[in-house]
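Taking our numbering, the leading residue of the sequence shown gets 117, the next gets one more, and so forth.
Note that CB positions come from ideal geometry on N, CA and C, so glycine has one too.
If you're wondering where the values come from, they're calculated on a predicted model, not measured in any experiment.
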Amino acid sequence: MFKFNRGFYAGTASALALLSWGATANAAQQADTATADDTTITEVVVTGTRLNSRGFNQPTPTTTVTSEDLDKAAQPNVFQAITQMPALQGSTGRSVGANGTSSGQQGLSSLSLRGLGATRTLTLLDGQRVTPANVNGVTDVSQFPQLLIKQVDVVTGGASASYGSDAIGGVVNFVTDKTFEGFKARFEGGESKYHDNDTVVAQVALGKAFLNDRLHVTASGEFSREAGVLAGGFGTKQAGGRDWFTTPAIQVRPLASTTDGLPQYRVINNAQQIQYAQYGLITNGPLQGIAFGPGGQPRQFQYGSNGVATGTGAVTNCFSPFCVGGDLSGGIGASPTLAARIKRKVAYTRVGYQVSDNFEVYLTANFAQVFSLNQPNIGAERTGLTIQCENPFVPAAIKAACVSNGITNFQFGTSNGGFGPIDVNIKREQKRFVLGFNGTQNLFGTDWKYDAYYAYGMNRVRLDVDNISVTPRYNAAIDAIAGPNGTIICRDPVARANGCVPLNVIGQVALEPAALNYVMPKNGPRQRSKQIESVASFNVSGEPFSLPAGPVAIAAGVEWREEDYKTLGDPYGDGIWAENPYTDDYPADPLIRTAGNNWYAGNYHSGAGYYHVTEGYVEANVPLFKSDALGEGNINGAVRQTKYSTAGNVTTWKIGGVWKTPFEGLRFRAVTSRDIRAPNLGEIAAPPVVVNATVLYRGTAVNVLQETVGNRNLRPEIARNTEVGVVLTEPKFLPGFSFSADYFQIKVDGAISSLAAQDLVDLCVAGNQEICGAMLLTSTVPNTNYVRVQAFNVATLSNKGFDLEAVYRKNLEDWGLKGTLSLRALATHMIEFKTNSGVLGTITVDSAGVNSGNTPDWKATFSQTWSTDRLSLSIYERWFSDGVYNNEWIQCTSGCPVSTVAYRTIDKNKMKGATYIDIGGSYEVTNNATAYFKVDNLFDKDPAASPTTNVSPGVNPFLYDVIGRMYRAGVRLRF
């Protein structure tokens, strides 16, 4: 790390929206002199280099966010403030993945730069790696201490040569205040317009020096709770009375039918699933189209699109699985959680002892608990069920119809409207300790700064799912027959002998508690995981000699790291084996498949993995020239050698330079680097992750188990990262104005990726027999069709674009007015983001400008702040441009070319962008207390629809605000 004079900081245009909340313009990496109103020089720590040198300008664009900036953001979690940066695209959070059960990643707050994903963004705490929060190696920012954060450094370029693996997209480093003295606290409350997502924040921090300032102790304790926006209802009933859900979807015609000049894809609203209804629907045969209502009363189902059941499972004027309009009461798209409930408890302390003026020993400890709750859907849609006509729960009229039509059973689908929402509860508990020392030692006339530390951290994850059914028991319970003495019993004698209680799923009827307890046992899907990371590191830096243009700075270091994990699923989901037998919580049952995957969703599996890595690096900065005629120039380079126990040896490097021109405030910079990302334990040795999915196979919707498995043969990804930029800092012709522009280009070879289940199915249909061997799509036994997904080093990623930042500050007293005006604009333009899967039969796709993803064409933030000594008022605008659903789709309404797997035709391929207006302010009530408020999404702008070919929430939380207007107010104390 490198300390420098603080002035106007030329971050890249990836730069932060929330910097605009600060009164200080921080846009140039370094200014030689203090700003006009500075009388002292303040040192700040900047990430992006290991060098510590006077007057050094690093070529890698870096943005610094101060604690004052975070205060103005007024978010309950610092993660939500940081992700408003234009460059931070693809980060997760409370809303991403909240409609899922099986991934185990719900509620994670993980950062992603450039849309490359959290696994390609290195997140640090005080320059140190933090124990991953799951098997994919990503950290959870919610587990960090937040009140003691002094600054956040965001490096928007490759940094593997300086910091190691994962820094392809860049580095985000959270820097704590290690010498804080006094007391400070923050208390905040909030609520949405819809009277949900109520928020409580309570944070306290203390710092004190002892023993003549040699012993310094800091500590903080934090609690926050965001209640979230949990499950909605059936049909179009959204949580809290929100009304923007229109049941959007994409209706798909078979490829073979697209010779008629009409598009294959059609964007629709009021999409009606034709394979089930809220309380049951006969979906095939002569009785197709009969639904069931209160008391099991049969009724004719109202198909949309003026559709008529054909008796073969199809509906006229409709394409599986959707009609348009009709009876929407059984839809589940409105029911998933929009924002998970999150509860944080974090305790942190640092104890540092100055043994001498140049030598400190320190210990840090962090204890964090993060709880999350999401409800992926209400009910539990089931399709392809077989109901026997003799079933006692079948109404008499239907029994008679069975006889008259000569059938003994019928196909059936239901939303299971009597079931409540599924609850996914996750508790992540971190314990992390760091013992280290740092100091300065003079050797051969040079002061060498050194630091060393050993870190040990452990994350335990407890995942429990409630209110969810066991598929074999459900199938047995709905297959009922008449028993003795007018009773109703389960048909299967083995099931009866093991406690089967018949379940009536035909119509809106009261469900027997005993039947529910049998089908949905008290102990649902469960997974217990433990992940351990140990790190030992030593770094040294100094200026051993000088050239005519200035001192030569050198840094070097070595690091050793190991990670291991072990996870254990429950016997019903994982399967029965020596280390996972039946227990009292999961008793033996002959119906249970011993291979696992017995739950409706949440089939968690067991696994274990380990790797260690040893690496060393050297970095140097060489001043090339310094004169009035030429200005100043320097070249910066680094090389790192890394050896992974799993992935072998790899070399990374960077080379760059900065030219500070003789024109005041004008500077150019450029850097190129070779970066890596080694495969994480989740990709090498993860337990199989099984999730429910729906795919279209030869024009028919098929429910499948999507099984994602690891690959021990994966190698590191290799990336080439190039950035070129210009910075203009407060020129004489326009005091108070600064501007920066940076062009970036990243290419990743051997990228670790896998195709989506639907893509694999399409390639199988197109004739790829090797891919066909990884799926089963024609089984008539419920819950046995599957698609197996696995990652390989075959993909290539490349993106390019540029960042812009402009800031203007004006003291209004020059105009006879009170206060200071600050204006700021920041933007990222993604020119292209291309992915080549490397699989035969696929094409290169470009996701830049795809608003159903996370990399819009343009993303920008603007702010206007007026402030005085005690009062501050701000207006913020968050904007991203209009986009498309898919760049490879061809928009047409007639005269369309024949649709192909690679190039689909669609009637509408436009997706609106959004502009969100926020306001905020603060008032210093006393010297020790400041009151503040914030209103996000002031005009309660609804998100644009994001339709898919399956039933979905129809919204993209990566880009769009799904909560609506939020009110927050609080107070900050400092003594």
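Cut-off 6 Å between Cβ atoms - residues of its own chain near residue i, not counting five sequence neighbours on either side
{"i": "I648", "result": "M574 and D680"}
{"i": "L989", "result": "W982 and G1037"}
{"i": "V424", "result": "T432"}
{"i": "T156", "result": "Note that T156 has pLDDT 31, beneath the 50 cutoff, so the model's placement of it is unreliable and the number below is only indicative. There are no such residues."}
{"i": "G216", "result": "P492"}
{"i": "R548", "result": "T247, N482 and G573"}
{"i": "G640", "result": "V581, D582 and I584"}
{"i": "R245", "result": "V651"}
{"i": "W137", "result": "Model confidence at W137 stands at a pLDDT of 35, short of 50, so the residue's coordinates are unreliable and nothing is read from them."}
Span separating the alpha-carbon of residue i from that of residue j
{"i": "T824", "j": "N750", "result": "48 Å"}
{"i": "V287", "j": "E338", "result": "25 Å"}
{"i": "A335", "j": "V194", "result": "18 Å"}
{"i": "I947", "j": "D919", "result": "11 Å"}
{"i": "G666", "j": "T777", "result": "16 Å"}
{"i": "T352", "j": "T499", "result": "20 Å"}
{"i": "V1041", "j": "D1058", "result": "36 Å"}
{"i": "K646", "j": "T710", "result": "25 Å"}
{"i": "G623", "j": "G396", "result": "6 Å"}
{"i": "Q267", "j": "F290", "result": "6 Å"}
{"i": "N1066", "j": "V820", "result": "12 Å"}
{"i": "L518", "j": "Q416", "result": "The displayed chain sequence assigns Cys, not Leu, to residue 518. Near 16 Å, if we compare the C-alpha coordinates of Q416 and C518."}
{"i": "T140", "j": "S1068", "result": "Legend: pLDDT at T140 = 32, less than 50; position of this residue unreliable, no value from coordinates given."}
{"i": "T426", "j": "L403", "result": "10 Å"}
{"i": "Y992", "j": "Q367", "result": "38 Å"}
{"i": "C616", "j": "I597", "result": "12 Å"}
{"i": "V811", "j": "C434", "result": "17 Å"}
{"i": "I1035", "j": "Q546", "result": "35 Å"}
{"i": "K1028", "j": "A1060", "result": "6 Å"}
{"i": "R230", "j": "K916", "result": "9 Å"}
{"i": "P618", "j": "G213", "result": "34 Å"}
Continuous beta strand (DSSP E) stretch holding residue i: start and end
{"i": "A1092", "result": "Past the boundaries of the shown model lies residue 1092; the chain is included only from 117 to 1091, so the question cannot be answered."}
{"i": "K916", "result": "F908 to N927"}
{"i": "C439", "result": "F438 to V440"}
{"i": "S963", "result": "Premise fails: S963 is in no beta strand (DSSP E) and is neither H nor E."}
{"i": "P414", "result": "P414 to Q416"}
{"i": "Y1083", "result": "M1082 to R1090"}
{"i": "E948", "result": "T936 to N952"}
{"i": "I384", "result": "Y381 to I384"}
Delimiting residues of the alpha helix (DSSP H) encompassing residue i
{"i": "Y590", "result": "T587 to I594"}
{"i": "L879", "result": "A873 to V881"}
{"i": "I523", "result": "Premise fails: I523 is in no alpha helix (DSSP H) and is neither H nor E."}
{"i": "G712", "result": "Unbroken run through G712: none, as it is neither H nor E."}
{"i": "R612", "result": "P609 to A613"}
Close beta carbons around residue i, own chain, < 8 Å, minus the five adjacent residues each side
{"i": "F1091", "result": "G298, F299, K300 and N1044"}
{"i": "T375", "result": "V1014"}
{"i": "E476", "result": "G468, Y469, Q470, F553, N554 and G555"}
Residues near residue i in its chain [Cβ-Cβ closer than 7 Å; skip 5 each side]
{"i": "S585", "result": "A496, V635, M636 and Y716"}
Residue i at chain C interface by Cβ criterion, 8 Å
{"i": "G356", "result": "The chain inventory of the structure shown lacks chain C, comprising one protein chain alone."}
- Message: Suppose only complete runs of 4+ residues qualify. What are the alpha helix (DSSP H) ranges in the region 266-345, listed by chain order?
- Response: 276-279
- Which runs of the beta strand (DSSP E) fall wholly inside the region 623-670 and span at least 3 residues, in chain order? Positions of the beta strand (DSSP E) runs, each at least 3 residues long and wholly inside the region 623-670, are given as 642-663 in order along the chain.
- Item | Given 8 Å, three or more beta-carbon pairs between the region 844-853 and the region 217-237 | The answer is no - the region 217-237 does not touch the region 844-853, with fewer than three Cβ pairs under 8 Å.
- Query: In chain order, which continuous runs of the beta strand (DSSP E) of length 3 or greater are located wholly inside the region 174-260?
  - Reply: 178-182 and 237-241
- Query: Going along the chain, which unbroken runs of the alpha helix (DSSP H) with 4 or more residues stay wholly within the region 815-903?
  - Reply: 873-881 and 885-888
- Message: Which complete beta strand (DSSP E) runs does the region 1017-1080 hold, if anything under 3 residues is left out?
- Response: Those beta strand (DSSP E) runs which fall completely within the region 1017-1080 and span 3+ residues are 1030-1042 and 1045-1052.
- With a cut-off of 8 Å, do at least 3 Cβ pairs link the region 603-619 to the region 661-677? no
- Which runs of the beta strand (DSSP E) fall wholly inside the region 960-1000 and span at least 3 residues, in chain order? 974-983 and 987-996
- Message: Pairs of beta-carbons, one from the region 225-232 and one from the region 189-204, closer than 8 Å: are there three or more?
- Response: yes
- Could you tell me whether the region 942-958 touches the region 905-912, where touching means 3 or more Cβ pairs closer than 8 Å? yes
- Please confirm if the region 757-776 is in contact with the region 830-843, defined as three or more CB-CB distances below 8 Å between the two stretches. yes
- Item | the region 404-414 / the region 308-316 touching (three or more Cβ pairs under 8 Å) | no
- Task: Decide if the region 520-531 is in contact with the region 452-468; the criterion is three or more beta carbon pairs, one per stretch, under 8 Å apart.
- Result: no
- So, do the region 341-358 and the region 324-331 have three or more beta carbon pairs nearer to each other than 8 Å? no
- At which residue ranges does the region 463-505 contain complete beta strand (DSSP E) runs of 3 or more residues, listed in the order of the chain? Fully enclosed beta strand (DSSP E) runs of 3 or longer: 475-490 and 498-504.
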